[in-house]
Structures are given as C-alpha cells and as structure tokens.
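In my numbering, the protein residues as written are 194 to 323.
Virtual Cβ for every residue (Gly too), placed ideally from N, Cα, C.
Please read the structure below before turning to the comments.
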C-alpha cells in the first residue's frame with residue numbers, strides 16, 4: 194500500500210469537511226488518471242498554507258475518467274459543487290468533456306496540526322494536483 198499527497202484548495206476540501214462526509218469524489222482537470230490503487234492512502238494538503246499542513250486523509254475508491262455530466266449524474270454534490278454549472282466552471286470544461294476522477298472513501302479531517310514531516314510514512318514521489 195502506498196501513500197499519496199494531493200494538494201487541494203480550501204474551498205472544495207472545506208465543503209466536505211464541514212459536511213463531515215466520509216465518501217466523496219475528487220475531479221481532475223485532465224482526463225488521465227495516475228497510478229492510484231484501490232485502498233491506497235491519500236493525504237490532503239491545502240494550497241496556500243506554509244508550512245503545508247495535512248488537513249485530512251482518506252483511501253482511494255474507484256479511479257477512472259468520464260464525462261462531466263456523467264460524474265454529476267453519479268455523484269452530484271459529492272463533487273463539492275451545488276450544480277453542474279459550478280462543476281463545469283471549476284474544471285474549466287464543458288459537461289460533455291471527459292475528466293479524471295477518484296472516489297474518496299473513509300475520509301478523516303485532521304485540522305491543521307500535522308505536517309508532512311510529523312509522519313513516518315514513505316510517500317510516493319508523485320504529488321497530485323487536480
């Protein structure tokens with residue numbers, strides 16, 4: 194099992210944190226996916242904060258790519274958007290275009306008290322940015 198770091202924006206991550214959601218979906222602007230496997234750990238780091246705190250962690254569920262409209266129909270507000278227009282705007286793409294996505298499962302929210310250097314986890318060299 195591997196651990197990956199994903200840099201996320203406070204707005205989207207904060208939405209899920211406030212809702213205390215355990216399962217949601219993370220969309221990428223590109224259609225391609227990276228080498229994430231089922232149950233790998235993802236550690237979320239918020240953009241803009243230095244030093245970068247770990248604001249949460251979760252495990253990977255389904256990984257794939259599909260049209261934005263299909264992601265919306267399957268996940269709806271679990272995308273952290275209130276409607277498909279907001280999702281299109283956030284991704285900078287039309288609802289008929291494909292993007293990559295990761296199901297996030299078993300999410301835990303840590304606040305901002307843990308730094309990457311506080312862990313003994315052997316992270317993969319990939320840093321994922323949506």
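If you drop the 5 nearest sequence neighbours on each side, which residues of the same chain put their C-beta closer than 8 Å to that of residue i?
i	result
residue 286	222, 261 and 292
residue 272	217, 218, 220, 264, 265 and 280
residue 213	302
residue 254	216, 231, 295, 296, 297 and 298
So, at 7 Å on beta carbons, what are the nonlocal neighbours of residue i in its own chain, with the 5 sequence-adjacent residues on each side left out?
i	result
residue 276	none
residue 202	240
residue 299	215, 251 and 252
residue 283	274
residue 244	308
residue 208	273
residue 224	258, 291, 292 and 293
Restricting to Cα atoms, I'd like to know which of the options is closest to residue i.
i	options	result
residue 233	266, 199 and 241	199
residue 215	227, 308 and 252	252
residue 258	206, 273, 290 and 304	290
residue 256	273, 235, 274 and 307	235
residue 307	267, 237 and 254	237
residue 311	246, 254 and 267	246
One question on the structure: do residue i and residue j come within less than 8 Å of each other, judged by their Cβ atoms?
i	j	result
residue 302	residue 249	yes
residue 229	residue 197	yes
residue 288	residue 281	yes
residue 227	residue 294	no
Per DSSP, what kind of secondary structure is residue i in: helix, strand or coil?
i	result
residue 301	strand
residue 290	coil
residue 203	helix
residue 210	helix
residue 270	helix
residue 284	helix
Return yes when at least one heavy atom of the ligand GDP lies under 7 Å from the C-beta of residue i, else no.
i	result
residue 255	Absence of the ligand GDP is noted for the structure shown, with no ligands found whatsoever.
Tell me which residues share the same chain as residue i and place their Cβ nearer than 6 Å to its Cβ, disregarding the 5 neighbours each side in the sequence.
i	result
residue 210	302
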